[in-house]
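Please read the structure below before turning to the comments.
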Amino acid sequence: MLTFRRKKQLSTDASDGDMSVVTKDKSTKSLSQSTIISAPATVVWESLTDIKTWQWNRSLRLDASYVMEGETGKSRIVLGGRRATAPFKFGKVSRRTFTFTWTTKLGCCESTNTVELKPIGINKTELVHTQTFEGKLLFLRPSSKKYQKAVRVMDEGLKNHVESLYFNTLLYDFSNSEMVTPGCSTSTEMTVLSEMSGTNFWDTPKHIREKLVNCFVDKDTEAREPTIYDA
Numbered sequence: 007m008l009t010f011r012r013k014k015q016l017s018t019d020a021s022d023g024d025m026s027v028v029t030k031d032k033s034t035k036s037l038s039q040s041t042i043i044s045a046p047a048t049v050v051w052e053s054l055t056d057i058k059t060w061q062w063n064r065s066l067r068l069d070a071s072y073v074m075e076g077e078t079g080k081s082r083i084v085l086g087g088r089r090a091t092a093p094f095k096f097g098k099v100s101r102r103t104f105t106f107t108w109t110t111k112l113g114c115c116e117s118t119n120t121v122e123l124k125p126i127g128i129n130k131t132e133l134v135h136t137q138t139f140e141g142k143l144l145f146l147r148p149s150s151k152k153y154q155k156a157v158r159v160m161d162e163g164l165k166n167h168v169e170s171l172y173f174n175t176l177l178y179d180f181s182n183s184e185m186v187t188p189g190c191s192t193s194t195e196m197t198v199l200s201e202m203s204g205t206n207f208w209d210t211p212k213h214i215r216e217k218l219v220n221c222f223v224d225k226d227t228e229a230r231e232p233t234i235y236d237a
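First residue of the sequence shown: 7, per our numbering; consecutive thereafter.
See below:
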């Protein structure tokens, strides 16, 4: 669902399942997108804040000595096929509230990115990524669609990276566990898990992925979202 809001006018359009909000006026503009990740918020947070290992991010890289509020550095941005570098500064970085913020200086404008993680049950997380622009010459910057695509590329890259990492960990723990959760695996399936513990989750047979998801996904949220083994 895609929602555009300009002053008092409101319109909606269908999108890829994410919720996006764009607000506009002469000096401020913001865009927000939501992504569901099948992993605990703590696991997502570790990958999000480890900026040295952002190889999964094809639209942005942040280079700084420390990840903490007030720390400055350089950002490398890929937008609409173009590459650029710009200074940035970390805003609020809080593991307690799972809030990660940085502001980038783009000519006469400033772009502030705020990523918030909201736990859904035990093993799912809603990632809300808000990008706000401020400045007198907002009309000179690239279109909202390009920024929206860049944000989506980043969020989906993080989602794919974290889900693969998390379920690879589950595969390893499952294949090396001495106690099998009742109803989760047969001896044959445990053999398959053991043999595939060093492979990517998405290379695992679908019925094994289904077993893992059914064992580890929170039952309260299982019915609300499609399980990722259907990919």
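Ideal placement from N, C-alpha and C gives every residue a C-beta, glycine not left out. Keep in mind the model is a prediction, meaning the values are calculated, not measured.
Among the candidates the options, whose CA atom is the shortest distance from the CA of residue i?
i: Glu77; options: Thr110, Lys155, Gly87 and Leu85; result: Thr110
i: Ala90; options: Gly141, Leu68 and Thr118; result: Leu68
i: Trp62; options: Ala156, Tyr178 and Gly113; result: Ala156
i: Leu112; options: Phe139, Tyr172 and Arg158; result: Phe139
i: Thr41; options: Arg158, Lys35 and Ile128; result: Arg158
i: Leu128; options: Ile43, His135 and Met74; result: Before going further, note that residue 128 is Ile rather than Leu in the sequence given. Comparing Cα-Cα distances from Ile128 to each of Ile43, His135 and Met74, the minimum goes to Ile43.
When DSSP labels each residue in this structure, what does residue i get in the three-state scheme?
i: Asp69; result: strand
i: Glu132; result: strand
i: Glu75; result: coil
i: Arg82; result: strand
i: Thr192; result: Caution applies to Thr192, whose pLDDT of 48 falls short of 50 and renders its modelled position unreliable; the model cannot decide the point.
i: Thr227; result: Residue placement at Thr227 cannot be trusted, given a pLDDT of 46 that sits under 50; the coordinates are not used to answer.
i: Ala90; result: strand
i: Gly141; result: strand
i: Val59; result: It should be noted that the sequence gives Thr, not Val, for residue 59. Helix at Thr59.
i: Thr120; result: strand
i: Ser100; result: strand
i: Ser17; result: With a pLDDT of 36 at Ser17, under the threshold of 50, the modelled position of this residue cannot be trusted, and the question is left open.
i: Ser36; result: strand
Going straight from the alpha carbon of residue i to that of residue j, what length do you get?
i: Thr103; j: Arg88; result: 34 Å
i: Thr107; j: Gly97; result: 5 Å
i: Phe94; j: Ser65; result: 15 Å
i: Asp161; j: Leu133; result: 8 Å
i: Gly163; j: Trp60; result: 9 Å
i: Val49; j: Tyr72; result: 19 Å
i: Thr120; j: Leu177; result: 32 Å
i: Leu37; j: Ala92; result: 20 Å
i: Lys35; j: Gln137; result: 8 Å
i: Leu8; j: Ser117; result: Its pLDDT being 37, under 50, Leu8 is placed unreliably by the model, and the measurement read from it follows with that caveat. Cα-Cα distance, rounded: 21 Å.
i: Asp179; j: Gln154; result: 37 Å
Excluding sequence positions up to five away, which residues of its chain have a Cβ less than 8 Å from the Cβ of residue i?
i: Ala47; result: Phe104, Leu123, Lys124, Pro125 and Thr131
Skipping 5 residues on each side, what residues in its chain have a beta carbon closer than 7 Å to that of residue i?
i: Arg101; result: Trp51
i: Glu5; result: The structure shown has nothing for residue 5, since the chain only spans 7 to 237.
i: Lys165; result: Thr41 and Ile43
i: His167; result: Ser53 and Trp62
If I measure Cβ to Cβ from residue i and keep anything under 6 Å in the same chain, skipping five residues before and after, which residues do I get?
i: Tyr172; result: Ala45 and Val49
i: His135; result: Gln39, Val121, Val157 and Asp161
i: Ala70; result: Glu77 and Gly79
i: Lys58; result: none
Just to check, is the beta-carbon of residue i closer than 7 Å to a non-hydrogen atom of the ligand GDP?
i: Gln137; result: For the ligand GDP, the structure offers nothing, since it holds no ligand at all.
**Message:** Contact between the segment 80-91 and the segment 53-60 is defined here as three or more beta-carbon pairs at a separation below 8 Å; is this criterion met?
**Reply:** no
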